[in-house]
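Mapping of the sequence shown onto our numbering: position 51 corresponds to residue 57, and the numbering continues sequentially without gaps. Glycine residues also receive a C-beta, built at the ideal position from the N, C-alpha and C atoms. What follows is a set of notes on a single structure, which appears directly below.
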Amino acid sequence: MVSIDLNSDLGENTPARVVGDDAAMLRIVTSANVSCGFHAGDPEGIKSTLTAAVQNGVTIGAHPGYRDFENFGRLSADVDSATLQAQVEYQLGAIVALSKAVGGEVVYVKPHGALYNTIANDERQARDVVNAVKAIDPELVLLGLAGGVVLDIAERAGLQTAAEAFADRAYTAEGMLVSRSEPGAVLHDADAVADRMVRLAHEGVVRSIDGIDVPVRADSICVHGDSAGAIAMARETRAALHAAGIELRPFAGSRA
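Have a look at this one:
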């Protein structure tokens with residue numbers, strides 16, 4: 007049976023900036039990329055999301071980003087290597103400890119936002135992130151954009167990797183994500199998103215923004231928790247995958 011993981015970026019709420027419904031999403035997804043606090047979230051909210059993930063049997067991943075709370079970690083940054091590696095290590099250390107405190111376990115890492123997109127192409131920053139993951143726990147799986155350079159660098163460094171596709175983002179003809187600054191970059195039609203992901207799981211292709219079928223290898227599908235209509239898209243995607251005979255299963259299992 008064909009299987010795939012369904013994940014979402016969570017733990018990003020604060021009382022002053024609520025961006026998603028973590029409780030609802032954790033009843034749908036199989037993996038949760040939980041914010042480490044630099045781009046979004048606060049310790050209390052992050053811990054609450056981790057607790058809910060454990061209660062729902064959802065696999066936990068760390069979601070570190072640039073130190074950019076004001077812009078939600080979505081602005082590119084030319085951070086020097088020593089600083090970037092230390093910042094990622096700091097974030098991973100915090101989320102690993104908080105997860106342990108609530109009886110959970112972090113088993114993978116998915117960088118956030120601009121950092122995620124940068125390391126899909128920037129070899130230097132990709133190496134910095136890979137070095138940080140190895141320094142904290144070389145058993146962690148690195149989840150990154152399918153076709154991104156960071157996955158090659160991580161594999162050469164001895165890390166396990168997994169490739170990710172996005173349910174609610176448009177793709178270029180080269181298989182990269184369309185910039186959020188471009189019209190049509192973020193998708194909102196739940197039925198259309200679900201149909202795209204069934205085709206991805208079965209055929210390994212995604213229709214690009216200019217109508218070309220692009221090959222995409224994916225172990226996991228992301229529905230952004232802060233997107234408009236995120237819960238509806240996640241529900242429709244899960245239901246459509248199930249109806250198509252595709253098993254929903256975490257790409258990274260517990261090491262216990």
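Can the beta-carbon of residue i be found closer than 9 Å to that of residue j?
i	j	result
valine 199	methionine 31	no
tyrosine 114	leucine 148	yes
threonine 243	serine 214	no
proline 117	glycine 63	no
alanine 163	lysine 140	yes
alanine 58	threonine 20	no
valine 211	alanine 152	no
What is the rounded straight-line gap between the Cα of residue i and the Cα of residue j?
i	j	result
aspartate 201	alanine 246	7 Å
arginine 33	alanine 234	18 Å
proline 256	leucine 193	24 Å
valine 35	aspartate 28	10 Å
isoleucine 125	phenylalanine 78	17 Å
valine 25	lysine 53	16 Å
leucine 81	glutamate 180	22 Å
arginine 23	glycine 231	13 Å
In the DSSP assignment, find the unbroken alpha helix (DSSP H) run with residue i in it and report its ends.
i	result
histidine 208	196-209
leucine 242	Strictly speaking, residue 242 in this sequence is glutamate, with leucine absent from that position. Start and end: 236-249.
serine 54	49-62
aspartate 11	Element bounds for aspartate 11: not the alpha helix (DSSP H) but the beta strand (DSSP E), 9-16.
aspartate 134	129-142
Taking residue i and residue j to be in contact with their CB atoms under 8 Å, please state how far apart those CB atoms are, rounded to whole angstroms.
i	j	result
alanine 138	glutamate 95	5 Å
asparagine 39	leucine 16	7 Å
serine 260	glutamate 111	6 Å
Terminal residues of the continuous beta strand (DSSP E) containing residue i?
i	result
leucine 148	147-151
alanine 171	167-172
message = Please give the ranges of any alpha helix (DSSP H) in the segment 64-93, keeping only runs that are unbroken, at least 4 residues long and fully inside the region.
response = none
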